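Q: So the sequences go chain by chain: D and P.
Going by full-length UniProt numbering, 352 is the number at position 352 of the first sequence; the sequence numbering is gapless.
Going by full-length UniProt numbering, 293 is the number at position 293 of the second sequence; the sequence numbering is gapless.
This is the structure I want to talk about, given as structure tokens.
There are 2 protein chains.
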Amino acid sequence: MMARSEGSIFKLCFLCSLIANLFFGVNLYLGRRGVGGWKWSSDEVNVQGLSWSGRAAAEAESAAARECSGHGRAFLDGAVADGRPACECNTCYGGPDCSLFLSSCSANADGGDPLFLEPFWKQHAESSAVVVAGWHRMSYSFSDQTTLSQELESLLRKLHSQVGNAITDDKYILFGAGSTQLLNAAVHALSHLNSSFPASAVASIPYYAGDPARWKNATNTTGDIIEFVTAPNNPNGQLNEAILHGPNVKTIHDRAYYWPHFTGIPSPADEDLTIFTISKLTGHAGSRFGWAFIRNEEVYQRMNTFLQLNTMGVSRDTQLRAMKLLKVIIEDGGREIFEFGYKTMTKRWDRLRKTLSMSNRFSLQKVAPENCTYFQKVREPTPAYAWVKCEREEDKNCIEILNAAKILGRGGSVFHDDDRYARLSLIRSDDDFDMLISRLESLVSKEDGAKIM
Amino acid sequence: MMARSEGSIFKLCFLCSLIANLFFGVNLYLGRRGVGGWKWSSDEVNVQGLSWSGRAAAEAESAAARECSGHGRAFLDGAVADGRPACECNTCYGGPDCSLFLSSCSANADGGDPLFLEPFWKQHAESSAVVVAGWHRMSYSFSDQTTLSQELESLLRKLHSQVGNAITDDKYILFGAGSTQLLNAAVHALSHLNSSFPASAVASIPYYAGDPARWKNATNTTGDIIEFVTAPNNPNGQLNEAILHGPNVKTIHDRAYYWPHFTGIPSPADEDLTIFTISKLTGHAGSRFGWAFIRNEEVYQRMNTFLQLNTMGVSRDTQLRAMKLLKVIIEDGGREIFEFGYKTMTKRWDRLRKTLSMSNRFSLQKVAPENCTYFQKVREPTPAYAWVKCEREEDKNCIEILNAAKILGRGGSVFHDDDRYARLSLIRSDDDFDMLISRLESLVSKEDGAKIM
Chain D
1 MMARSEGSIF KLCFLCSLIA NLFFGVNLYL GRRGVGGWKW SSDEVNVQGL SWSGRAAAEA
61 ESAAARECSG HGRAFLDGAV ADGRPACECN TCYGGPDCSL FLSSCSANAD GGDPLFLEPF
121 WKQHAESSAV VVAGWHRMSY SFSDQTTLSQ ELESLLRKLH SQVGNAITDD KYILFGAGST
181 QLLNAAVHAL SHLNSSFPAS AVASIPYYAG DPARWKNATN TTGDIIEFVT APNNPNGQLN
241 EAILHGPNVK TIHDRAYYWP HFTGIPSPAD EDLTIFTISK LTGHAGSRFG WAFIRNEEVY
301 QRMNTFLQLN TMGVSRDTQL RAMKLLKVII EDGGREIFEF GYKTMTKRWD RLRKTLSMSN
361 RFSLQKVAPE NCTYFQKVRE PTPAYAWVKC EREEDKNCIE ILNAAKILGR GGSVFHDDDR
421 YARLSLIRSD DDFDMLISRL ESLVSKEDGA KIM
Chain P
1 MMARSEGSIF KLCFLCSLIA NLFFGVNLYL GRRGVGGWKW SSDEVNVQGL SWSGRAAAEA
61 ESAAARECSG HGRAFLDGAV ADGRPACECN TCYGGPDCSL FLSSCSANAD GGDPLFLEPF
121 WKQHAESSAV VVAGWHRMSY SFSDQTTLSQ ELESLLRKLH SQVGNAITDD KYILFGAGST
181 QLLNAAVHAL SHLNSSFPAS AVASIPYYAG DPARWKNATN TTGDIIEFVT APNNPNGQLN
241 EAILHGPNVK TIHDRAYYWP HFTGIPSPAD EDLTIFTISK LTGHAGSRFG WAFIRNEEVY
301 QRMNTFLQLN TMGVSRDTQL RAMKLLKVII EDGGREIFEF GYKTMTKRWD RLRKTLSMSN
361 RFSLQKVAPE NCTYFQKVRE PTPAYAWVKC EREEDKNCIE ILNAAKILGR GGSVFHDDDR
421 YARLSLIRSD DDFDMLISRL ESLVSKEDGA KIM
């Protein structure tokens with residue numbers, strides 16, 4: 001986790017919008033009707049007719065208009081400077097307007113903050129904005145007495161059908177505060193009914209499990225085993241499959257990265273328990289929104305009970321926002337966002353491969369090309385993380401070597417693997433990635449016997 | 001939980017806003033400056049200059065403009081009818097515009113859905129609206145690497161200082177997805193470090209504990225005891241105090257109802273672990289936002305770890321909205337919202353007392369008047385719930401008698417008390433409360449020997 005990305009595209013975008021608005025401003029249209037369902041296009045918006053929402057809109061635009069030199073951003077709920085929200089600068093940038101480059105700072109490739117998608121949302125500012133009225137959904141429940149928005153559920157099912165990455169028919173759905181809460185709910189639900197201990201939990205190495213302490217007491221006497229299968233895998237991007245099978249084995253499929261940004265989609269997931277998160281789909285890690293598809297009714301009921309007792313469902317504010325973001329994606333069948341994500345990740349992998357191709361010291365994981373039913377071609381995977389190996393005999397601790405070269409990442413032991421490996425995040429902001437490449441180039445150029453100098 | 005309140009005040013409000021807007025529309029002001037910090041007043045809003053936020057604003061206003069006959073509301077994320085979000089009707093109302101009164105339906109006084117405050121937010125539509133940009137806070141963390149908004153923390157501390165209901169100096173603060181998650185976190189944190197079982201949990205009868213199954217396994221061998229103290233108490237409104245003391249006793253103070261809507265504020269809470277929720281302060285139960293003040297650093301750290309592993313903090317969308325709502329309250333030191341809440345609850349209690357004053361069969365709890373340092377007077381408490389007692393020898397199950405008279409509530413045994421008691425919620429919508437009074441009047445009028453017929 002951590003850090004921020006830049007806002008240069010937004011600047012242009014804001015100008016375009018301003019020009020468009022001035023144009024439509026003289027063509028003010030006084031009617032209020034929606035066409036093609038519930039949505040407005042620019043030329044139908046009667047901004048002059050706005051009443052209670054105008055002030056909030058002006059506040060948001062004023063915050064957004066802070067440019068922060070393209071190396072930061074100002075948020076509506078940020079600290080205030082000069083009567084407006086202050087700039088919050090990307091890693092390695094500082095000063096009131098983020099124009100100060102902090103040349104001695106470390107490149108941050110540590111957490112999986114998915115800021116690589118931020119420019120996409122700045123480009124789609126108009127369609128992705130949402131106005132929350134003061135009295136929006138104050139109740140504990142929706143009108144069907146659940147804590148789940150049916151509209152949001154429909155959009156999620158539609159998206160999976162468009163992308164072809166999950167079969168959702170005949171499956172229950174639950175929402176959670178990120179995949180984190182759903183993983184907790186799933187472990188609870190799959191633990192033996194008659195045991196107050198969780199079942200034993202296993203995963204193929206290397207694997208990511210948040211704080212590994214969560215699973216350390218996970219041994220019981222009933223013989224039940226829960227296998228976590230993350231596909232594509234964090235950290236190495238492999239399309240893992242379940243290893244254990246049998247009546248005592250329950251499998252939790254973490255599909256956080258199973259989107260065309262990162263991998264080909266060979267076939268739709270059709271598993272007993274599959275977890276997705278908006279974090280690696282739209283990049284909104286901070287919204288804490290995930291969902292799970294569950295085949296078995298009892299497992300669904302037990303997860304639901306856990307979620308109700310834990311938080312009484314997911315914030316309705318978050319569900320409203322997730323709905324608006326999904327509408328933008330679904331509008332063109334995901335075409336724009338996945339092309340944006342795929343292109344961005346491909347460019348980053350190209351730069352990374354090129355940089356490390358000069359090196360004898362560091363190597364990258366190999367992930368096999370996959371057929372992608374979404375893009376209708378065989379494609380190279382573009383995983384969210386580089387799983388770097390230090391090849392020299394004496395480089396037993398890879399992350400220490402990277403840290404010494406001012407590169408932050410995570411050592412192999414965090415993923416229960418050899419410390420000869422380290423994970424570098426490739427999904428952070430452009431600034432973070434640029435800094436990473438720059439530090440790697442410098443590191444590689446100092447190698448004795450680097451292939452080219 | 002459940003149900004909805006009316007929107008008649010809003011109708012008037014919307015008209016006023018529209019007129020105001022037309023007035024300001026001809027006085028368009030092209031500058032963009034904030035005065036007195038980060039906030040705009042109506043006459044400074046340049047709605048014509050809006051670019052990317054105008055469409056979202058128009059969508060929200062269009063949804064809000066559905067009147068639903070004053071007996072329902074349309075939300076931005078509701079099901080669509082005629083190209084706009086459909087009306088969602090209050091209990092006992094139906095039809096596409098909620099104009100159909102369902103005369104045979106039951107009065108809903110069951111859950112604690114705090115819709116009594118909905119009209120307040122409709123009256124403050126302009127100041128409470130918030131625009132969430134598509135790229136708002138996508139990161140896992142704020143710029144200080146935490147998952148808590150510092151601005152929101154400041155507002156919460158300021159509010160408690162204004163209201164005088166909690167001393168927050170030298171205390172840690174944590175946010176949760178409602179008080180529910182914080183109660184879970186607190187139980188986890190206060191359980192003995194060396195025991196994987198929670199400590200024994202106790203509370204004075206009657207008490208509310210969500211699903212009581214949560215506590216049923218709460219016995220351990222270490223002798224640790226957690227006492228839950230809810231003050232004012234749910235269901236009976238008493239300002240409970242801790243009963244147990246000693247080195248093995250840890251106390252969790254649930255202060256959800258410790259606001260001037262419901263009770264006098266004799267003195268600020270100054271406890272080791274105190275939990276509040278926005279649900280009973282602003283009425284936004286659906287937002288799932290609560291906070292806790294914690295004196296001890298180790299307890300704070302353990303709760304924080306629980307919250308991070310459970311959900312990785314509270315949705316940033318929710319935090320943004322909570323901030324906007326709190327700003328409205330704090331602006332006048334809480335004067336307007338607490339007067340609104342106190343007046344509404346006083347009127348409701350007056351009507352309820354008057355209705356039951358005719359009865360020999362049903363009685364209400366007595367709660368002692370309290371000095372209120374906030375309103376600077378001694379005042380009658382106006383609790384969120386009526387704790388009704390069926391006085392007749394043969395009326396051993398009070399909720400059954402109420403249900404037969406088409407009144408929904410909760411029986412005494414839900415609160416671990418005698419079924420001779422029942423809880424009726426008084427904080428729901430005006431429609432729900434009106435229906436409750438109507439059903440009670442009818443029930444009382446049928447009493448043999450009712451005081452007046």
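Glycine included, C-beta positions come from ideal geometry on N, C-alpha and C.
Quantities reported herein were computed from a predicted structural model and do not represent experimental measurements.
Please list, in chain order, all residues of the same chain as D/S41 whose beta carbon is under 6 Å from its beta carbon, the five residues on each side excluded.
A: Below a pLDDT of 50, predicted positions are generally treated as unreliable, and D/S41, at 45, falls in that range; no measurement from the model is reported.
Q: Under 8 Å Cβ-Cβ, which residues of chain D neighbour P/M323?
A: Those are D77, listed as they occur along chain D.
Q: Taking the continuous alpha helix (DSSP H) assigned at D/F340, which residues delimit it?
A: Here the alpha helix (DSSP H) through D/F340 covers 335 to 357.
Q: For P/P383, tell me which candidate among P/K327, P/E227, P/Y258 has the shortest Cα-Cα distance.
A: Cα-wise, what sits closest to P/P383 is P/Y258.
Q: Going by DSSP, what residues sit across from residue 455 of chain P in a beta bridge?
A: Past the boundaries of the shown model lies residue 455 of chain P; chain P is included only from 1 to 453, so the question cannot be answered.
Q: I'd like the list of long-range same chain contacts for D/N248, defined as Cβ closer than 7 Å, with 5 residues on each side in sequence excluded.
A: G223, D224, I225, listed in sequence order.
Q: I'd like to know if D/L281 contacts chain P, where contact means its C-beta is closer than 8 Å to some C-beta of that chain.
A: Chain P contact via Cβ: absent.
Q: What's the C-alpha gap between D/K122 and P/S149?
A: Spanning the two alpha carbons is a distance of roughly 22 Å.
Q: Let me check understanding here. Comparing Cα to Cα, which of D/A368, D/M358, D/F375 lies closest to D/S442?
A: Looking at the Cα atoms, D/M358 is the closest of the given residues.
Q: Got a sec: is the Cβ-Cβ distance from P/G178 to anything in chain D below 8 Å?
A: It does: the Cβ of P/G178 has a partner Cβ on chain D nearer than 8 Å.
Q: What in chain D is Cβ-close to P/Q319, meaning under 8 Å?
A: Under the 8 Å cutoff, chain D gives D77.
Q: Less than 8 Å separating the beta-carbons of P/P381 and P/G237?
A: Yes. Within cutoff.
Q: D/H245: buried (16+ other C-beta within 10 angstroms of its C-beta) or exposed?
A: Exposed, because fewer than 16 other Cβ atoms sit within 10 Å of the Cβ of D/H245.
Q: Taking the runs of the beta strand (DSSP E) that are 3 residues or longer, which of them lie wholly in the segment 390 to 446 of chain P?
A: 421 to 425, all fully within the segment 390 to 446 of chain P.
Q: Between D/L102, D/H71, D/S104, which lies nearest to D/E88 when the distance is taken from Cα to Cα?
A: The candidate whose alpha carbon is nearest that of D/E88 is D/H71.
Q: Give the residues of chain D in contact with P/Q150, contact being defined as C-beta atoms less than 8 Å apart.
A: Correct list: A79.
Q: Can you give the Cα-Cα distance for P/E6 and D/C372, rounded to whole angstroms?
A: Residue placement at P/E6 is poorly supported in this model, since its pLDDT is 35, which falls under 50; the coordinates are not used for a value here.
Q: Using the beta-carbon of each residue, which ones in chain D are nearer than 9 Å to P/Q238?
A: By Cβ distance, chain D contributes nothing, its closest Cβ being about 24 Å from P/Q238, past 9 Å.
Q: Go through the segment 225 to 312 of chain D residue by residue and report every complete run of the beta strand (DSSP E) that reaches 3 residues or more, in order.
A: Listed in chain order, they are 225 to 230, 249 to 254, 273 to 277, 290 to 294.
Q: Count the other C-beta atoms from every protein chain shown that fall within 10 angstroms of the C-beta of P/N90, then say buried if there are 16 or more, exposed otherwise.
A: Buried.
Q: Tell me the rounded alpha-carbon separation between D/G164 and D/S154.
A: Cα to Cα, the separation comes out at about 15 Å.
Q: Here's the rule: buried if 16 or more other CB atoms are within 10 angstroms of the residue's CB, otherwise exposed. What is P/E271?
A: P/E271 is buried by the Cβ-count criterion.
Q: Quick one: list the residues of chain D neighbouring P/W291, beta-carbon separation under 8 Å, in chain order.
A: Residues of chain D passing the Cβ test: none, with the nearest at roughly 14 Å.
Q: Taking 8 Å as the limit between beta carbons, can you name the residues of its chain near D/I173, skipping five residues before and five after?
A: Here the set comprises L148, E153, L156, R157, W291, A292, F293, I294.
Q: Once you ignore the five residues that flank D/E447 on each side, which residues in its own chain have a CB closer than 7 Å to its CB?
A: The residues are S359, N360, R361.
Q: Mind checking P/V378: buried by the 16 CB within 10 Å criterion, or exposed?
A: When all chains shown are included, P/V378 counts as exposed.
Q: Residue 481 of chain P CB to nearest chain D CB: under 8 Å?
A: For residue 481 of chain P there is no data in the structure shown, the boundaries of chain P being 1 and 453.
Q: Measuring alpha carbon to alpha carbon, tell me which of D/V444, D/M138, D/D431 ends up nearest D/R316.
A: Nearest C-alpha to D/R316: D/M138.
Q: Determine whether the beta carbon atoms of D/T318 and D/R288 lie at a separation below 8 Å.
A: Contact flag set, yes.
Q: According to DSSP, is P/G36 helix, strand or coil?
A: At P/G36 the pLDDT is 29, less than 50, meaning the model places this residue with poor confidence and gives no usable figure here.
Q: In three-state DSSP terms, what is P/E88?
A: Note: P/E88 maps to strand in three-state DSSP.
Q: Do D/E151 and P/D77 have their C-beta atoms closer together than 8 Å?
A: Yes.
Q: From this set, P/S179, P/G54, P/T277, P/V414, which residue's C-alpha is nearest P/P235's C-alpha?
A: Of the candidates P/S179, P/G54, P/T277, P/V414, the one whose C-alpha sits nearest the C-alpha of P/P235 is P/V414.
Q: Ignore the nearest five residues each way along the sequence and tell me which others in D/S99's own chain have a CB closer than 6 Å to its CB.
A: Counting only Cβ-Cβ distances below 6 Å, and skipping sequence neighbours, we find S69.
Q: Identify the continuous alpha helix (DSSP H) that holds D/K324 and give its terminal residues.
A: Run containing D/K324: 316 to 330, per the alpha helix (DSSP H) assignment.
Q: I'd like the list of long-range same chain contacts for D/V367, defined as Cβ closer than 7 Å, with 5 residues on each side in sequence excluded.
A: Once the five neighbours on either side are set aside, the close Cβ partners of D/V367 are G237, Q238, P381, P383.
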